[in-house]
Amino acid sequence: MAPNIRIRHIIPILLYAFVQFFPVLISGVRPEWITPTATGLWFAIGFSLTIIISVVLLWPDLKLYKQQGIQSNLNDTVKWIGLGILMQYGLVIVANLIETWISGDVMGSQNTEQIADIVRLVPVMTLSVVLLGPIMEEILFRHILFGNLSARFGFWIAFAVSSLLFALIHGDNKILVYVAMSFAFTVAYAKTRRLIVPIAIHAFNNALVMVVLFLM
């Protein structure tokens with residue numbers, strides 16, 4: 001990876017944390033400010049700016065991957081988007097079956113239900129859920145966390161740490177499902193070293209979930 005990687009990678013993490021958790025912090029001081037509309041606009045604007053800044057900071061990494069010839073070509077990139085989508089849904093089905101077997105009951109996703117409620121009230125949140133969220137999370141969890149950890153500790157430790165954090169950050173009761181999703185994103189990224197691959201898989205999943213929820 002490029003020099004000064006630690007400094008350039010800490011900034012996107014801090015920005016993501018600020019955007020993600022500021023509404024929670026401010027709700028304890030000014031709860032009247034945290035309306036669904038304000039929250040939706042905050043995430044849409046905040047993640048948009050964070051993504052722009054992150055791409056500028058991480059551009060040397062992407063150029064280095066290209067120079068080293070470790071990025072996949074167009075055919076392999078498209079192939080791994082398709083394989084990643086299939087892998088993700090296969091693993092999610094297995095993870096749901098395991099969680100149902102352990103709990104003895106079919107549990108819905110608390111995080112998905114909460115997001116769906118907000119999106120119904122504030123349609124602009126759809127942009128954050130389907131596009132901005134996946135872009136920011138893949139930059140953070142795949143490129144920064146997995147990328148740095150895998151260079152030092154190898155694939156499996158890097159996957160375990162980044163995936164567990166990915167699951168916990170969503171504050172959901174479906175931890176195994178998020179880890180399963182993260183495995184598909186991580187493998188696809190490791191095989192291609194192109195962020196567009198896990199972003200596309202992640203965005204496709206979120207878009208499909210939103211469509212199903214609205215149809216229901």
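Counting with full-length UniProt numbering, you get residues 1 to 216 for the letters of the sequence shown. For glycine and all other residues, C-beta sits at the position ideal for the given N, C-alpha and C.
Each residue's CA atom was taken as its position, placing P123 and Q68 some 42 Å apart. Under a 10 Å Cβ-count criterion, D117 is classified as exposed, with fewer than 16 other Cβ atoms of the shown protein chains found around its own Cβ. With respect to G84, A188 sits close: the two C-beta atoms are nearer than 8 Å. Here L131 has A203 as same chain residues with Cβ atoms under 7 Å from its own Cβ, once five neighbours each way along the sequence are excluded. Of G40, T39 and L14, the smallest CA-CA separation from I51 is found for L14. Within the region 160-208, the alpha helix (DSSP H) runs of at least 4 residues that lie entirely inside it are, in chain order, 175-192. Take G46, set aside five residues on each side of it, and the residues of its chain with a beta-carbon closer than 6 Å to its own are V19, in chain order. Within a 10 Å sphere around the beta-carbon of Q114 sit fewer than 16 other beta-carbons, which makes this residue exposed. Less than 8 Å divides the Cβ of W80 from the Cβ of V197. For L145, there is no enclosing alpha helix (DSSP H), as DSSP marks it with neither H nor E. Contact between the region 170-187 and the region 25-45 is absent: fewer than 3 CB-CB pairs across the two stretches fall below 8 Å. Counting along the chain, the unbroken alpha helix (DSSP H) around G84 starts and ends at L74 to S103. By the CB criterion at 8 Å, S72 and R193 fall inside the cutoff. Here the alpha carbons of V211 and L64 stand approximately 38 Å from one another.
The beta carbon of S48 lies closer than 8 Å to those of L132 in the same chain, with the five residues before and after it left out.
Non-local beta-carbon contacts of L213 in its own chain, meaning distances under 6 Å to residues more than five positions away in sequence, involve A116 in chain order.
V92 sits away from A200, with the two beta carbons spaced by 8 Å or more. Annotated three-state conformation of G28 is coil, per DSSP.
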